[in-house]
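The UniProt record's numbering numbers the first residue of the sequence shown as 1 and each following residue consecutively. A virtual CB, placed ideally from N, CA and C, is assigned to each residue, including glycine. Quantities reported herein were computed from a predicted structural model and do not represent experimental measurements. This report concerns only the one structure given below.
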Amino acid sequence: MADEVSDFTEDLLDALTAEEAPVMDMPAEFYKAGEGAQLEPLLAYTNMKSVEGIRAKYMKHEQDTGSAQVQVAVLTARIAYMTKHMEQNRKDYASLRGLTAMVTRRRKLLEFLLRDDATEFYRLTSELGIRTRELLKPKLTGARGRRAEGVAL
1 MADEVSDFTE DLLDALTAEE APVMDMPAEF YKAGEGAQLE PLLAYTNMKS
51 VEGIRAKYMK HEQDTGSAQV QVAVLTARIA YMTKHMEQNR KDYASLRGLT
101 AMVTRRRKLL EFLLRDDATE FYRLTSELGI RTRELLKPKL TGARGRRAEG
151 VAL
């Protein structure tokens with residue numbers, strides 16, 4: 001038994017002191033999929049490609065990445081991606097917080113677009129399939145708003 005332990009420790013010490021080839025010098029190993037096998041791309045990759053396509057579609061000019069139309073379109077694609085993620089991961093509260101922030105930011109951009117350029121607002125929301133019923137409701141302020149909501153003073 002003592003001989004086995006000493007042999008083991010000697011082998012272990014030899015392995016620890018032996019020089020290993022660095023990882024960069026090792027040849028890469030590639031594996032092929034079986035015949036006719038299709039690999040699906042990662043969801044993050046498909047999301048990135050869809051965002052790039054949407055950004056290219058809604059640009060006003062070559063360098064346009066920040067106009068309200070582009071931002072709304074990109075946020076719509078990201079919201080769709082996060083909605084799928086939340087359906088699979090219901091308890092991912094950090095992602096839920098990010099999703100609600102994106103929805104709020106898109107709503108504010110749509111409100112700006114409605115004030116600034118109503119025809120572009122209607123075109124964009126119809127193309128992207130965004131519901132606008134809540135955005136088009138008149139907003140009452142002060143006591144009239146509270147009375148309309150049914151809240152007692």
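Please classify residue i: is it buried, with 16 or more other beta-carbons within 10 angstroms of its beta-carbon, or exposed?
i, result
"residue 15", "exposed"
"residue 58", "buried"
"residue 119", "exposed"
"residue 38", "exposed"
"residue 81", "buried"
"residue 73", "buried"
"residue 88", "exposed"
"residue 12", "exposed"
At what residues does the alpha helix (DSSP H) containing residue i begin and finish?
i, result
"residue 78", "68-88"
"residue 101", "93-116"
"residue 46", "43-57"
"residue 135", "133-136"
Relative to the C-alpha of residue i, which residue among the options is closest?
i, options, result
"residue 107", "8, 82, 69", "69"
"residue 135", "122, 127, 143", "122"
"residue 126", "4, 76, 139", "76"
"residue 71", "141, 44, 111", "111"
"residue 113", "97, 67, 19, 128", "67"
"residue 60", "137, 85, 8, 124", "124"
Measuring straight from C-alpha to C-alpha, what distance separates residue i and residue j?
i, j, result
"residue 131", "residue 102", "15 Å"
"residue 17", "residue 3", "21 Å"
"residue 140", "residue 109", "20 Å"
"residue 53", "residue 92", "28 Å"
"residue 41", "residue 128", "24 Å"
"residue 96", "residue 29", "39 Å"
"residue 85", "residue 105", "19 Å"
"residue 138", "residue 116", "17 Å"
"residue 8", "residue 27", "30 Å"
"residue 36", "residue 98", "39 Å"
"residue 34", "residue 51", "32 Å"
"residue 94", "residue 47", "19 Å"
How close, in whole Å, do the beta carbons of residue i and residue j come, if the pair is a contact with beta carbons under 8 Å?
i, j, result
"residue 158", "residue 65", "The chain is shown only over 1 to 153; residue 158 falls outside these bounds and no answer can be derived."
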